[in-house]
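Enquirer:
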Amino acid sequence: MIYDIIIVGCGPAGMTAAIYALRANKKVLILEGEAIGGKIASSPLVENYPGFKQISGNELVDNLYEQVEELGGVIEFDKAIEIKNGEIKKVIGEINVYEGYSVILALGSKYRTLKIENEEDYIGNGVSFCVVCDGAFYRGEDVAVIGGGNSAIINAISLADMCNKVYVIQNLDYLTCEEALKKELKNKNNVEIIYNAKVTKYLGDETLEGLVINDERQIDVKGIFLSIGQDPDIDCVKELINLDERNYVLVNEHCATSEDGIFAAGDCIHKNIRQLTTAMNDGTIAALSAIDYLKKINK
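Reminder that position 11 of the sequence shown reads as 6 in the working numbering, one-by-one numbering, no gaps.
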């Protein structure tokens, strides 16, 4: 089958694009190589999504997914490893090859790591990215959150309710999160913020037992949650389309990339603000632009 639109990525941007395309009666395929929902699915609480005072990331993702399914969207669990442009675009996955007249890249991002010695050995053995997924394993224990932005502080607040002590380790001399989160964090009496600190070493043999900051201070913790940002997950298109110096996809105001019929949306594109609402805005623009493109090629 040749789809009208293939959407690579099933996060908020991808699912928003799918909803608009499906409502325009387009044949839509969504490819997802990991978990549905992207990074927002692991957020314990979303408080800045209009229309909802509070909603969990997982609940929001479930609502989006249900809407896509009800509209007839096809979702395949396959990781895209290469995309080839042409009159008919080919998305080459690990399992199958998919064909479409247009493509929307909603590739999202991947978590940054500290890039210190033996880090890979500790990921999944005490070092995690997801409080919703792994936080309960450390109930009653001492843990550390690395970072000072919104995600880091949301994670710290959540962990403070279940852990004995939470260290927030920030490499700057201030937190970069929203003021409302700073106030909420202050109300947690089991949180210690360490400023101007850089994690230089993980401690422990088979599993994590602690960390060292600034090559000096040792802190004993059973879990570390990395919340230091993300990088665009663009491996499948890095040889195809124009990227900026940080490997984000360059798009115009129509979310069109440098390749005809290939659009991009969400956290993978070059922009200054990356929020849930802006990702969904990008998805809307990309879908409508793809629909216009299909009209131009009489599809």
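Virtual Cβ for every residue (Gly too), placed ideally from N, Cα, C.
(1) So residue 38 packs on residue 227, CB below 8 Å; how close in whole Å?
(2) List the endpoints of the continuous beta strand (DSSP E) containing residue 138.
(3) Quick one: complete beta strand (DSSP E) runs, 3+ long, within the segment 2 to 57?
(4) Tell me which residues share the same chain as residue 157 and place their Cβ nearer than 8 Å to its Cβ, disregarding the 5 neighbours each side in the sequence.
(5) Would you mind giving the Cβ-Cβ distance between residue 257 and residue 229, rounded to the nearest angstrom? I have them listed as a contact below 8 Å.
(6) To the nearest angstrom, report how far apart residue 255 and residue 294 are at their CA atoms.
(7) Just to confirm, are residue 222 and residue 141 a CB contact at a threshold of 8 Å?
(8) Using a Cβ-Cβ cut-off of 8 Å (strictly less than) and excluding sequence neighbours within five positions of residue 128, which residues of its own chain qualify?
(9) Below 8 Å between beta carbons: does that hold for residue 8 and residue 261?
(10) Just to confirm my understanding: we take residue 249, look at its own chain, exclude 5 residues before and 5 after, and list those with CB closer than 7 Å. What are they?
(11) Can we say the segment 98 to 116 touches the segment 262 to 275, given the rule of at least three CB pairs closer than 8 Å?
(12) Using CA coordinates, which residue listed in 186, 286, 55 is at the minimum distance from residue 251?
(13) Any idea if residue 149 is buried or exposed, counting beta-carbon neighbours within 10 angstroms, 16 or more meaning buried?
(14) Determine the direct distance from the alpha carbon of residue 119 to that of residue 49, and round the result to whole angstroms.
(15) Is residue 219 near residue 139, with beta carbons less than 8 Å apart?
(16) Residue 202 to residue 34, Cα distance in whole Å?
(17) Residue range of the alpha helix (DSSP H) that residue 252 falls in?
Expert: So, to answer that:
(1) Their Cβ separation, rounded to whole angstroms, is 19 Å, which puts residue 38 and residue 227 out of contact at 8 Å.
(2) Counting along the chain, the beta strand (DSSP E) containing residue 138 begins and ends at 137 to 141.
(3) Fully enclosed beta strand (DSSP E) runs of 3 or longer: 23 to 27.
(4) Here the set comprises 130, 131, 133, 134, 135.
(5) Taking a contact as a CB-CB distance under 8 Å, the pair residue 257 and residue 229 does not count as one, their CB atoms being some 12 Å apart.
(6) One C-alpha to the other measures close to 15 Å.
(7) Cβ atoms of residue 222 and residue 141: closer than 8 Å.
(8) Contacts found: 37.
(9) Taking 8 Å as the cut-off, the Cβ atoms of residue 8 and residue 261 count as close.
(10) Within the same chain, residue 249 has close Cβ partners 280, 284.
(11) The segment 98 to 116 is in contact with the segment 262 to 275.
(12) The shortest C-alpha to C-alpha distance from residue 251 to any of 186, 286, 55 is the one to 286.
(13) So residue 149 counts as buried.
(14) Spanning the alpha carbons of residue 49 and residue 119 requires a straight line of approximately 29 Å.
(15) Yes.
(16) Straight through space, the alpha carbons of residue 34 and residue 202 are spaced by roughly 25 Å.
(17) Unbroken run through residue 252: none, as it is neither H nor E.
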